[in-house]
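Peer 1: Residue numbers (this note's numbering), protein chains in the order written: chain A, -4 to 221; chain B, 56 to 312. All residues carry an ideal CB built from backbone N, CA and C; glycine is no exception.
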Amino acid sequence: MTGYVRRAWIVVWKDVLSERRSKESLNTLVFFSVLLLFVFQFALGPERARVETALPGLLWLGFLLAGLLAFGRTFLVERENDCWEGLVLSPGDKSAIYLGKLVGNVLLMAVVEAVLVLLFALFFSLDFTRVLPGLALVLALGTLGLAAVGTLFGAITAQLRARELLFPVLLLPAAVPVLLASVSATQTVLLGEPLAEAAPWLKLLGAADLVYLVVGVLTFEFVLEA
Amino acid sequence: MIATGPDAVREHPPLPASDLVVEAAHLRKTYGPTPALEDVSLSLGAGAGLTLLGPNGTGKTTLLRILATLLRPTSGSLRIVGRDALKEPSAVRGAIDMVGHGTWIYEDLTAIENLRFWSAMGGHDAARPRLHAALESVELDTVAERRARTFSAGMKRRLALARVLLGRGRLLLLDEPFTGLDRAGRKWLGEFLMSFKAGGGALVVATHSFDAGLGVADRVAILASGRIVLDRPTAALGHDEVRRLYDDLALGPGIAS
């Protein structure tokens, strides 16, 4: 294993292990998801047509709000006991830390999204099994984009006093292309149309993911040193 | 306290005895209009140890953070192991180990997991026997699998020192390293620092603990109002004389003398 991959992997290992033990983020996010579902069900009522029309937007609203909570906390653990200093002083390319944090966030969001999709199916009596492969692809691409930009902004705002305020203000405009493409592609998939119909949105998602990833990798060292 | 000698774990890189590890010239640091350091110059060769003394707020931690490349000075120059640390900080960081005010401990990881993480991040051998030997050195081997959250402040300090044992730094920077350690811990740390110097490393210790600090240093520097007002070999000074000079220079009105 090269030094770069080893350091990215050890960051994933550390974050996943810490989260598995503390369950701080996961418990909060799952509880938040359940609350969100209650609010959605109360707002939409039992009418199935309304639910189906709003479903793509509601799904991504849930993912986005959960992401806002999760990504903002990513680097707070590094502030405790000045671990941030250790990361700055560690030799080698710092983007390995960014990629490790990103993978940890994607894993966390994958669990939260699986729970949310399951809860949507239960609360609104929906059957996702038929569209699951297409939905999984859209969720994977959308989550990668959200997590790429969320992890970077989480690092930027972690050292700021007004981070709770600044993080969503920075993240939301930057995430607009990912959200637009994700909601549109999800709508196409949930309508049961062939995945090829969603190809333009998937291409936009792929391009946005690539741009966010490259920007994150290239700028993370400056963010960490700032 | 010493179950395993401090040398048992640490890898000593070959280092010519004449090498200058730190060359700092005219360092100045201001926070807005407030000066924290003024015209600080110091050099430290391989195998040398410097103890920094000074009251709170005189710039000891600021100086250590600049030497660690964690903070950029407002002006001045800094070379670490012969390279410009201000122009290429990442090139010298592999040569620096540090235990500052923060312990760099992840509370939800166990002691051995913390060592594994920092060893891997530093590009060192993270094999379990080596990590265990480091924990044994600081007498934490019996709690290797316990989460750091359950540790006392002194145990966390020892764990931070175990991390340093695993490094390959040629410059070791310590901020109040004796705080929170019991007598046996202080004795072990003193022995470790002496062996670190003997292996060709350079050492800077900022402390309020006169006896422990002077015991590991070849030179003592007193900081007052951000300036080094005294920098002398410890061999030329008794502990009582250092205390008297400290009182006169750092606490008294006549720092110009």
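Using the Cα positions of D237 of chain B and G209 of chain B, report the straight-line distance between them to the nearest angstrom.
Peer 2: When rounded, the separation of the alpha-carbon atoms in D237 of chain B and G209 of chain B is 8 Å.
Peer 1: 8 Å is my cut-off, CB to CB: does D266 of chain B come that close to chain A?
Peer 2: No - not a single Cβ of chain A is within 8 Å of the one on D266 of chain B.
Peer 1: Going by C-alpha distance, which of A:V184, A:V173, A:E73, A:T124 is nearest W173 of chain B?
Peer 2: A:E73
Peer 1: Using a Cβ-Cβ cutoff of less than 7 Å, which residues in the same chain neighbour L139 of chain A once the five nearest sequence positions on both sides are dropped?
Peer 2: V101, D204.
Peer 1: Can a CB atom of chain A be found closer than 8 Å to the CB of A314 of chain B?
Peer 2: Since the displayed chain B opens at 56 and closes at 312, residue 314 of chain B lies outside it and no answer follows.
Peer 1: Confirm, please, whether the CB-CB distance from L130 of chain A to V184 of chain A is below 8 Å.
Peer 2: yes
Peer 1: Could you tell me whether the segment 39 to 58 of chain A touches the segment 192 to 208 of chain B, using the rule of 3 or more Cβ pairs below 8 Å?
Peer 2: no
Peer 1: Whole beta strand (DSSP E) runs in the segment 248 to 308 of chain B with 3 or more residues, listed along the chain?
Peer 2: Those beta strand (DSSP E) runs which fall completely within the segment 248 to 308 of chain B and span 3+ residues are 257 to 261, 274 to 279, 282 to 288.
Peer 1: Candidates A:S13, A:S90, A:L54, A:L63: which alpha carbon is nearest L114 of chain A's?
Peer 2: Its Cα nearest to that of L114 of chain A, the residue A:L54 stands out among A:S13, A:S90, A:L54, A:L63.
Peer 1: If we call anything under 8 Å between Cβ atoms a contact, is A79 of chain B one with L105 of chain B?
Peer 2: no
Peer 1: Excluding sequence positions up to five away, which residues of its chain have a Cβ less than 6 Å from the Cβ of D286 of chain B?
Peer 2: A276, listed in sequence order.
Peer 1: Have a look at the DSSP bridge pairing and note the partners of R83 of chain B.
Peer 2: B:S130
Peer 1: In or out: A311 of chain B buried (at least 16 other Cβ within 10 Å) or exposed?
Peer 2: Annotation note: pLDDT 38 at A311 of chain B (below 50); position unreliable, no value reported.
Peer 1: Show which residues of chain A have a CB atom less than 7 Å away from the CB atom of R52 of chain B.
Peer 2: Absent from the model: residue 52 of chain B. The displayed extent of chain B is 56 to 312, so no value can be given.
Peer 1: Are the C-beta atoms of I151 of chain A and some chain B residue less than 8 Å apart?
Peer 2: no
Peer 1: Rounded to a whole number of angstroms, what is the C-alpha to C-alpha distance between L186 of chain B and L132 of chain A?
Peer 2: Per the coordinates, the alpha-carbon of L186 of chain B lies some 42 Å from the alpha-carbon of L132 of chain A.
Peer 1: Am I right that E192 of chain A and S90 of chain A are in contact with their C-beta atoms under 8 Å? What's the rounded C-beta distance?
Peer 2: Wrong, their Cβ atoms sit about 36 Å apart, outside the cutoff.
Peer 1: Please go through the same chain and pick out, in chain order, the residues whose beta-carbon is closer than 7 Å to the beta-carbon of A215 of chain B, but skip the five residues on each side of it.
Peer 2: V154, T158, W159, I160
Peer 1: For S90 of chain A, go through chain B and note every residue whose CB falls closer than 7 Å to its CB, in chain order.
Peer 2: Correct list: empty, because the minimum Cβ distance to chain B is about 12 Å.
Peer 1: How would you write the range of the alpha helix (DSSP H) that T117 of chain B sits in, first residue to last?
Peer 2: Run containing T117 of chain B: 115 to 122, per the alpha helix (DSSP H) assignment.
Peer 1: If we define contact as Cβ-Cβ less than 8 Å, is N76 of chain A a contact residue for chain B?
Peer 2: yes
Peer 1: Give, in chain order, every residue of the segment 1 to 27 of chain A whose Cβ lies closer than 7 Å to some Cβ of chain B.
Peer 2: R1, R2, I5, K9, L12, S13, R16, S17
Peer 1: Of the residues that make up the segment 147 to 166 of chain B, which ones have a beta carbon closer than 8 Å to any beta carbon in chain A?
Peer 2: If the cut-off is 8 Å between Cβ atoms, the segment 147 to 166 of chain B has R148, G149, I151, M153, G155, H156, G157, T158, W159, I160, Y161, E162, D163, L164 near chain A.
Peer 1: Which residue from B:R127, B:L108, B:K115 puts its Cα closest to that of A221 of chain A?
Peer 2: The option with the nearest alpha carbon to A221 of chain A is B:R127.
Peer 1: Could you say if the segment 151 to 161 of chain A and the segment 173 to 181 of chain A meet the contact criterion of at least three C-beta pairs nearer than 8 Å?
Peer 2: no
Peer 1: Please determine, among A:A61, A:I151, A:G67, the residue with the shortest C-alpha to C-alpha distance to P111 of chain A.
Peer 2: Here residue 111 of chain A is Leu; the residue named in the question, Pro, does not match the sequence. When only C-alpha atoms are compared, the closest one is A:A61.
Peer 1: How is L155 of chain A classed by DSSP in three states: helix, strand or coil?
Peer 2: coil
Peer 1: Express the C-alpha separation of G177 of chain B and V83 of chain A in angstroms, rounding to a whole number.
Peer 2: 11 Å
Peer 1: Quick one: give me the first and last residue of the beta strand (DSSP E) that V154 of chain B is part of.
Peer 2: Per DSSP, the unbroken beta strand (DSSP E) holding V154 of chain B starts and ends at 151 to 154.
Peer 1: I want to see whether chain A comes within less than 8 Å of F172 of chain B, judged by CB atoms only; does it?
Peer 2: yes
Peer 1: Does the CB of A239 of chain B have a neighbour CB from chain A at under 8 Å?
Peer 2: False, the Cβ-Cβ gap to chain A never drops below 8 Å.
Peer 1: With A257 of chain B and A103 of chain B assumed to form a contact (beta carbons below 8 Å), what rounded beta-carbon distance in angstroms separates them?
Peer 2: 5 Å
Peer 1: Among B:R274, B:F265, B:R282, which has the Cα closest to the Cα of R299 of chain B?
Peer 2: B:F265
Peer 1: Name the chain A residues that come within less than 8 Å of E168 of chain B, Cβ to Cβ?
Peer 2: K9, L12
Peer 1: Spatial neighbours of V259 of chain B within its chain, please: CB distance less than 6 Å, with the 5 preceding and 5 following residues excluded, ordered by chain position.
Peer 2: By the criterion of a C-beta distance shorter than 6 Å, V259 of chain B is surrounded in its chain by L105, L228, once the five residues flanking it on both sides are discounted.
Peer 1: At what residue ranges does the segment 168 to 228 of chain B contain a whole run of the beta strand (DSSP E), taking only runs of 3 or more?
Peer 2: none
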